[in-house]
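Asker: Note that the first sequence covers residues 13 to 703 in the numbering used here.
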Amino acid sequence: MPAATRPPHFVEQIVEADIAAGRWDLGRAESAGGTCMRTRFPPEPNGYLHVGHAKSICLNYALAMKYGGRFNLRFDDTNPAKEEQEYVDSIVRDMRWLTSAFGGSFDSGPHAGGLYFASDYFGFMYACACDLIGKGLAYVCELSAAEVGERRGSVGVPATSPFRDRPPAESLKLFDEMRRGEHADGRMTLRARIDLESPNFNLRDPVMYRIVREHHHNTGGAWCIYPMYDWAHGLEDSLERVTHSVCTLEFENHRPLYDWFVRAVNQGRRAGVLRTSEGGALADRSGQSAAPTSTGADWPPSAEVWHSQQIEFAKLQLTYTVLSKRNMLKMVSSGIVRGWDDPRMPTLSGMRRRGYTPGAIRALCEDVGVTKVDSVIDLVRLENALRDDLNRAAPRAMGVLRPLELLVENWPVSPDGKPVVDMLDFVVNPERPGAGTRKVPFDGRLLIERDDFMETAGADFFRLAIGQEVRLRWAYFVTPTRVDKDASGAVTRVICTYDPATRGGDAPHGPDGKPVRKVRGTVHWISAAHGVPAEVRLYERLFAAEFPGQATGNWMDDLAPSSLEVVSAVVEPLLTQGEVGATFQLERLGYFCVDPDSGPARDVAARKLVLNRAVTLKDGAKGAAGALASTKPASGAGPSGKTYSFGQTAHTLKLSKERLGEVLVSLGMAAAPEKLTQAEFDKVRKHVTGR
RNA sequence: AGGGGAAUAGUGUAACGGUAGCACAACUGACUCUGACUCAGUUAGCCUAGGUUCAAAUCCUAGUUCCCCUGCCA
Numbered sequence: 013m014p015a016a017t018r019p020p021h022f023v024e025q026i027v028e029a030d031i032a033a034g035r036w037d038l039g040r041a042e043s044a045g046g047t048c049m050r051t052r053f054p055p056e057p058n059g060y061l062h063v064g065h066a067k068s069i070c071l072n073y074a075l076a077m078k079y080g081g082r083f084n085l086r087f088d089d090t091n092p093a094k095e096e097q098e099y100v101d102s103i104v105r106d107m108r109w110l111t112s113a114f115g116g117s118f119d120s121g122p123h124a125g126g127l128y129f130a131s132d133y134f135g136f137m138y139a140c141a142c143d144l145i146g147k148g149l150a151y152v153c154e155l156s157a158a159e160v161g162e163r164r165g166s167v168g169v170p171a172t173s174p175f176r177d178r179p180p181a182e183s184l185k186l187f188d189e190m191r192r193g194e195h196a197d198g199r200m201t202l203r204a205r206i207d208l209e210s211p212n213f214n215l216r217d218p219v220m221y222r223i224v225r226e227h228h229h230n231t232g233g234a235w236c237i238y239p240m241y242d243w244a245h246g247l248e249d250s251l252e253r254v255t256h257s258v259c260t261l262e263f264e265n266h267r268p269l270y271d272w273f274v275r276a277v278n279q280g281r282r283a284g285v286l287r288t289s290e291g292g293a294l295a296d297r298s299g300q301s302a303a304p305t306s307t308g309a310d311w312p313p314s315a316e317v318w319h320s321q322q323i324e325f326a327k328l329q330l331t332y333t334v335l336s337k338r339n340m341l342k343m344v345s346s347g348i349v350r351g352w353d354d355p356r357m358p359t360l361s362g363m364r365r366r367g368y369t370p371g372a373i374r375a376l377c378e379d380v381g382v383t384k385v386d387s388v389i390d391l392v393r394l395e396n397a398l399r400d401d402l403n404r405a406a407p408r409a410m411g412v413l414r415p416l417e418l419l420v421e422n423w424p425v426s427p428d429g430k431p432v433v434d435m436l437d438f439v440v441n442p443e444r445p446g447a448g449t450r451k452v453p454f455d456g457r458l459l460i461e462r463d464d465f466m467e468t469a470g471a472d473f474f475r476l477a478i479g480q481e482v483r484l485r486w487a488y489f490v491t492p493t494r495v496d497k498d499a500s501g502a503v504t505r506v507i508c509t510y511d512p513a514t515r516g517g518d519a520p521h522g523p524d525g526k527p528v529r530k531v532r533g534t535v536h537w538i539s540a541a542h543g544v545p546a547e548v549r550l551y552e553r554l555f556a557a558e559f560p561g562q563a564t565g566n567w568m569d570d571l572a573p574s575s576l577e578v579v580s581a582v583v584e585p586l587l588t589q590g591e592v593g594a595t596f597q598l599e600r601l602g603y604f605c606v607d608p609d610s611g612p613a614r615d616v617a618a619r620k621l622v623l624n625r626a627v628t629l630k631d632g633a634k635g636a637a638g639a640l641a642s643t644k645p646a647s648g649a650g651p652s653g654k655t656y657s658f659g660q661t662a663h664t665l666k667l668s669k670e671r672l673g674e675v676l677v678s679l680g681m682a683a684a685p686e687k688l689t690q691a692e693f694d695k696v697r698k699h700v701t702g703r
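#1: May I ask you to list the residues that DSSP assigns as paired with Ile-507?
#2: Leaving out five residues on either side along the sequence, give the residues of the same chain with a beta carbon under 8 Å from the beta carbon of Asn-58.
#3: Counting only the same chain and skipping the five closest in sequence on each side, list residues whose C-beta sits under 6 Å from that of Ile-31.
#4: Using DSSP with H/G/I as helix, E/B as strand and the rest coil, what is Gly-533?
#5: Do you know offhand how far Ile-145's Cα is from Tyr-151's?
#6: Is Arg-86 near Tyr-128, with beta carbons less than 8 Å apart?
#7: Candidates Arg-164, Arg-505 and Arg-549: which alpha carbon is nearest Arg-366's?
#8: Ignore the nearest five residues each way along the sequence and tell me which others in Glu-24's own chain have a CB closer than 6 Å to its CB.
#9: Taking the continuous beta strand (DSSP E) assigned at Val-100, which residues delimit it?
#10: Three-state secondary structure (DSSP) at Met-357?
#11: Note down the Cα distance separating Ala-196 from Ala-130, rounded to an integer number of angstroms.
#12: Tell me, please, which residues DSSP counts as bridged to Lys-94.
#13: Could you give the DSSP three-state label for Gln-562: helix, strand or coil?
#14: Which residue or residues does DSSP assign as beta-bridge partners of Thr-260?
#15: Which residue wins for smallest C-alpha separation from Trp-142, given the options Leu-335, Leu-186 and Gly-116?
#16: Determine whether the beta carbon atoms of His-256 and Val-27 lie at a separation below 8 Å.
#17: What does Met-435 pair with, by DSSP beta-bridge criteria?
#18: Measuring straight from C-alpha to C-alpha, what distance separates Asp-386 and Leu-398?
#19: Take every Cβ of the region 403-420, pair it with every Cβ of the region 53-68, and state whether three or more of those distances are shorter than 8 Å.
#20: Rounded to whole angstroms, what's the CA-CA distance from His-227 to Gly-233? Just pull it up for me.
#21: Quick one: complete alpha helix (DSSP H) runs, 4+ long, within the region 132-173?
#22: Could you please give the first and the last residue of the uninterrupted beta strand (DSSP E) stretch that includes Cys-605?
#23: Which class does Pro-19 belong to by DSSP, given the choice of helix, strand or coil?
#24: Which one of Ala-29, Gly-64, Ser-173 and Arg-35 has the shortest CA to CA distance from Val-388?
#25: Output yes or no for whether 8 Å exceeds the beta carbon distance between Met-410 and Ile-538.
#26: Could you pull out every unbroken beta strand (DSSP E) segment of at least 3 residues lying fully inside the region 40-90, listed in chain order?
#27: Return the first residue and the last residue of the beta strand (DSSP E) that Phe-175 is part of.
#28: Considering just the uninterrupted stretch of the alpha helix (DSSP H) at Ser-574, what are its terminal residues?
#29: Could you check where the beta strand (DSSP E) with Leu-484 kicks off and where it finishes?
#30: Assuming the contact rule is C-beta atoms closer than 8 Å, Val-452 and Glu-584 should be a hit. Round their C-beta distance to whole Å, please.
#31: Would you mind sorting Leu-261 into buried or exposed? The rule is 16 or more other CB atoms within 10 Å of its CB.
#32: Residues bridged to Tyr-241 by DSSP?
#33: Which word fits Arg-614, buried or exposed, when buried means at least 16 other C-beta atoms lie within 10 angstroms of its C-beta?
#34: Taking a contact to mean a Cβ-Cβ separation below 8 Å, would you say Ser-68 touches Val-258 in this structure?
#35: When you compare each of Leu-554, Ser-610, Val-582 and Phe-596 to Leu-335 by their alpha carbons, which one comes out closest?
#36: Counting only the same chain and skipping the five closest in sequence on each side, list residues whose C-beta sits under 8 Å from that of Trp-567.
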């Protein structure tokens, strides 16, 4: 269903109800009139953004766009041990790139909310923490990390801390010493005084501050104590006046904490004018900047702070994909891939390099919807989203991945002894007639795809074979007559004749206007004299298993043996002029993208063209005759069962042939075991595995 | 054991007491100067068991299954 006509998802329903109820009165605080809501994306700069983050970014940005709100990018940089400037830079770059699909960004366009750093709020957070201590809601605890672990208790057994009832004045003094660096790392922490018996372990007096002596990318060495996520996050949202703080499902257990901290800060504060999520009042901030700074340490002095609403949704997961930062880091550091931007990586940087468009990623995110159901999306849907986008946008070109010589023996020769060069019209994009045509040279000495020729064709092979007439795309009909072979018997050259009456690739028409001669296959080609060499990198999915690690518990066990194949291709010279990142379709092969390794486009002469295959075209061929675009192995029996391929997805049925026969009989199915349809396969699997 | 969530075709996702739809995948076929695109059709679903109701995917009760939670990570 098109996004425009789809009913609102559950987050949108919440927002709409809030707007209808006038719950968030941002109008007073925001000079940019009419803003009734605000969202944010809060990455920790400890890794690269990936396609999972894209769903969150698209959700938050789309919400701001739909409801006339704003969208913030905020770095949740409260742990200097893991965070780096490199990640900040990459995230900013990737954010701008992705949100360009919405025509704006966090810092441009009508929905720009701004760029923020949690570390800019450390002063304010520190002041609030002191306030909590004064109210008896927090205390300095001198238990070591190990001791806290031992004393955390269990279900039905409360946690303990001997420091829980320390007088506020004493905690205040120690907390100040912590801040000034008078205590060693890990020596003590500030803990919230909540409930040591809570069945929700997050509430068993969680740590608010720890001592960490690490260089911070933003604050340098200004601090040696750092706030924990739960303490910091609600205040970050509060200061930025985020209305709907959208996060993933695993934070549901943290929501009580999120709310507790904001209430704790507000306890005893003066009620203000703006309404909060709880229907109470918030400080009148007219005149206050929407962008708080570190100088706001004691602001607001005595008024309640904004209480954002946390909402959880199910994150995006993909089959054949590993998305945890920890595991992705391992792929990078152990050399499984060439870097964070390796085109096989599900990072936004990797996808951009591979040829993915922001629009395709946005389309996928909108297509899968927003719910609280823990779900895994078929990777083919991502690929389809790209195909869909590029089919409309990408210009067409020709190139051969595995060249085989094709000689047109009756092609005319000009008086100087050289073959005639015929400049033919090539349609730039059939989906966009307005894109027009361009000229391609044809001189009778060509290169074709090795897979497009078979000496003897079966009934389902439409391409070149001895005696089988085929169309060369936009050129002529040709009929192979014979081949040359090398000593090993391999075909080295195909010789054919052409029909001058078919120039442009049109079939001759009879008097009734109908084609008198039809041809089943159309094949791409390139003039051997005019083509240029290109290194083409063909990617397969990194993992062979639908759910990496499911079988053995170790995702590394499911790494595909080979996910990169490099071929020496010959492509149209036009492509050497393509800018880095330019995408186009190589007809009948797939969509390709100019890799940065090619060097800049302005230096055409010195350029070594490198192309990435972003995605193949769908292969609709029945039977074994297809698979030109795909390099996937054909289905066959494995050691532990039989593997069936449906489209691009392989499924294995771990069943003996005999047992499979029995199952088919018991299900009353007449299907041949060698050729199950997906529906039949699913039925069998359900019968055997119960799911 | 305790707490927090979620269950609708193979995969996702609608329905908000009133005919279980849609997308993707699969399968047929049509069209086609890309075995692409496009178009038409087919297969296939409410976790289970009770209850309320004229009527239940929806409300109630009891189960079942799956996910998250005992970092000084986020």
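Heads up, the beta-carbon is just placed ideally off N, CA and C, and yes, glycines get one too.
Answerer: For this structure:
#1: Leu-419 and Arg-494
#2: Asn-91, Lys-94, Glu-95, Glu-96, Tyr-99 and Lys-337
#3: Cys-48
#4: coil
#5: 6 Å
#6: yes
#7: Arg-549
#8: none
#9: Here Val-100 belongs to no beta strand (DSSP E); instead the alpha helix (DSSP H) covers 97-111.
#10: coil
#11: 24 Å
#12: Partner(s): none; Lys-94 has no beta bridge.
#13: coil
#14: Phe-325
#15: Here the sequence assigns Cys to residue 142, which means Trp is not the residue at that position. Nearest C-alpha to Cys-142: Leu-186.
#16: yes
#17: Pro-453
#18: 24 Å
#19: no
#20: 6 Å
#21: 134-146 and 157-162
#22: 602-606
#23: coil
#24: Gly-64
#25: yes
#26: 50-53 and 82-87
#27: Where Phe-175 is concerned, there is no enclosing beta strand (DSSP E), given that its DSSP letter is neither H nor E.
#28: Premise fails: Ser-574 is in no alpha helix (DSSP H) and is neither H nor E.
#29: 482-484
#30: 7 Å
#31: exposed
#32: Looking at the DSSP assignment, Tyr-241 forms no beta bridge with any residue, so it has no partner.
#33: exposed
#34: yes
#35: Leu-554
#36: Val-334, Asn-339, Phe-555, Pro-560 and Gly-561
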